[in-house]
Amino acid sequence: MNNKALKEQKNHGTAYFPCVLYEHDHNRIKLEVNHHWHKEVELIYLEEGQFLVDINMEPTRLEKGFCFINQEELHALKAEGNVKESALVFNLEMLGFSMYDEVQARFIQPLLENKLHFPRFIGIKNMVGKEILIHYERIVQWHQQSGQFSMATGGNVAEGLSAQLNIKVEILNILMILQNNGLFLEDKSGSVDYKVESIKKVLSYIEEHYKEAFYVKDLATILNMNEQYFSRFFKRMIGKAPMAYVNDYRLKMAKQLLIKTDMQITEICLEVGFNNMSNFIKLFKNKENCSPIQYRKKS
133 MNNKALKEQK NHGTAYFPCV LYEHDHNRIK LEVNHHWHKE VELIYLEEGQ
183 FLVDINMEPT RLEKGFCFIN QEELHALKAE GNVKESALVF NLEMLGFSMY
233 DEVQARFIQP LLENKLHFPR FIGIKNMVGK EILIHYERIV QWHQQSGQFS
283 MATGGNVAEG LSAQLNIKVE ILNILMILQN NGLFLEDKSG SVDYKVESIK
333 KVLSYIEEHY KEAFYVKDLA TILNMNEQYF SRFFKRMIGK APMAYVNDYR
383 LKMAKQLLIK TDMQITEICL EVGFNNMSNF IKLFKNKENC SPIQYRKKS
């Protein structure tokens, strides 16, 4: 299977600085990030509350601490109640050295090739977690001081050489802490979970074509399955029906447009792939407990 054909097309940062910070809106009590994947590493800070983190179809309940998502891992995140969460997504290639020294050969390159994996979770109460928090908070501060929200990424992208240099240094500091404590894991299996790879292929299609009209049968064709079998397979893997996932993704994109643009509601409805205004309003209200207009006003 050609992994390049499966990768998410969304930009994380810019071509010159592939790094972005996402911060959950703390005023909202429900957090739901649907299954997705990308070639970048993701460092999630679970600051407050209880979270259900699903990585490669293995759900785990986690509390305060850092969760690491390796390159190309399928993942989702849910939480209810008073929760706080942020995530740093960055391309490991930004940490590479043009001079092929020992650090590049024995550390950076194995990370890039997925031969070396990040630990899954580090609690905030132990010494390692506390050390990482110091550098992570500095990364957040640099994003807040010199960054701005980007529609292309849906997150905060740092601008300016000084900010980007400091962020890069702090990421390397976090990697150094993990390395010094022997927390990186070697991947010796070499195995591929084809169910996960199949789902990633479908999700990539949805993210690339959500503005267009398509149906369950079109998604089933991607995996050469019949419609009924595909629907059962998708729901078993993701936890919701295919078109329910599609609608959730469209609503996610609609919320970004409501917050960051002055587009009319009818324009947003069509822009994100809904061809029926009343259905869009109904789905939005069911998801957010308010209308799109009300959502815009309080965001």
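Read left to right, the sequence shown gives residues 133 to 431 (my numbering). All residues carry an ideal CB built from backbone N, CA and C; glycine is no exception. Note that the structure is predicted; figures quoted are calculated from it, not measured.
Reduced DSSP secondary structure (H/G/I, E/B, other) of M301: A small fix is needed here, since residue 301 is Val in this sequence, not Met. DSSP places V301 in helix when its eight states are reduced to three.
Boundaries (first-last residue) of the beta strand (DSSP E) holding T353: No beta strand (DSSP E) holds T353; the alpha helix (DSSP H) holding it covers 348 to 354.
Beta-ladder partner(s) of H110, from DSSP: Summary: the structure shown does not reach residue 110, with the chain confined to residues 133 through 431, and so no result is reported for it.
Straight-line Cα distance separating L153 from V272: Taking the straight line from one Cα to the other gives about 7 Å.
Classification of C151 by the beta-carbon crowding that lies within 10 angstroms, buried from 16 upward: Burial state of C151 is buried, judged by a 10 Å Cβ sphere holding 16 or more other Cβ atoms.
Helix, strand or coil at S151 according to DSSP, with G and I counted as helix: The amino acid occupying residue 151 in the given sequence is Cys; Ser does not appear at that position. Here C151 sits in strand by DSSP.
Environment of V301 [buried if 16+ CB atoms lie within 10 Å]: With fewer than 16 other CB atoms across the displayed protein chains lying within 10 angstroms of its CB, V301 is exposed.
Same chain only: Cβ atoms within 7 Å of S330, ignoring 5 sequence neighbours per side: Annotation for S330: L355 place their beta carbon closer than 7 Å to its own, counting only its chain and skipping 5 residues before and after.
Alpha-carbon spacing of F253 relative to Q396, whole angstroms: Distance from the CA atom of F253 to the CA atom of Q396, rounded to whole angstroms, is 42 Å.
K332, buried or exposed, once every other Cβ within 10 Å from all chains shown has been counted against 16: Residue burial annotation: K332 is buried, with at least 16 other C-beta atoms found within 10 angstroms of its C-beta.
Cutoff 8 Å; reference E225; Cβ partners in own chain excluding five residues on either side: Excluding positions up to five away in sequence, the list reads P150, L244.
Short Cβ contact (8 Å threshold) for E217 with H156: Yes, the pair counts as a contact, with Cβ atoms nearer than the cut-off.
Proximity winner among S423, E164, Y326, relative to V215 (alpha-carbon distances): The residue with the shortest Cα to Cα distance from V215 is E164.
C-alpha gap between E263 and I303, whole angstroms: Rounded to whole angstroms, the separation of the alpha carbons of I303 and E263 is 12 Å.
Element boundaries [beta strand (DSSP E), containing L463]: Given that the chain is displayed from residue 133 to residue 431, the structure contains no residue 463 and the question cannot be resolved.
Presumed contact (8 Å Cβ cut-off) between L383 and F362, rounded CB distance: About 22 Å separates the CB atoms of L383 and F362; that is not less than 8 Å, and the two are not in contact.
Burial state of E172, where buried means 16 or more other Cβ atoms lie within 10 Å: Around the CB of E172, 16 or more other CB atoms lie within 10 Å, so the residue is classed as buried.
Three CB pairs or more closer than 8 Å across the segment 370 to 381 and the segment 341 to 350: Yes: at least three Cβ pairs fall under 8 Å.
Pairwise C-alpha distance: E179 and E195: Answer to the nearest angstrom: the Cα atoms are 8 Å apart.
Neighbour-count burial assignment, Q203, 16 or more Cβ in a 10 Å radius: With 16 or more Cβ atoms within 10 Å of its Cβ, Q203 is classed as buried.
Run of the beta strand (DSSP E) containing G197, from where it starts to where it stops: Run containing G197: 197 to 201, per the beta strand (DSSP E) assignment.
Residue interval of the beta strand (DSSP E) (run including S423): No beta strand (DSSP E) contains S423, which DSSP labels as neither H nor E.
Helix, strand or coil at A345 according to DSSP, with G and I counted as helix: The answer is coil: DSSP assigns A345 none of H, G, I, E or B.
Sheet register partners of V165 (DSSP bridge): According to DSSP, which records beta bridges pairwise, V165 is partnered with L209.
Per DSSP, the bridge partner or partners of E190: I187, per the DSSP bridge assignment.
Contact check, D325 vs N411, beta carbons under 8 Å: No. Outside cutoff.
P424 classed as buried or exposed, judged by whether at least 16 other C-beta atoms fall within 10 angstroms: P424 is buried by the Cβ-count criterion.
With 16 other Cβ atoms within 10 Å as the buried cut-off, status of E344: Exposed, because fewer than 16 other Cβ atoms sit within 10 Å of the Cβ of E344.
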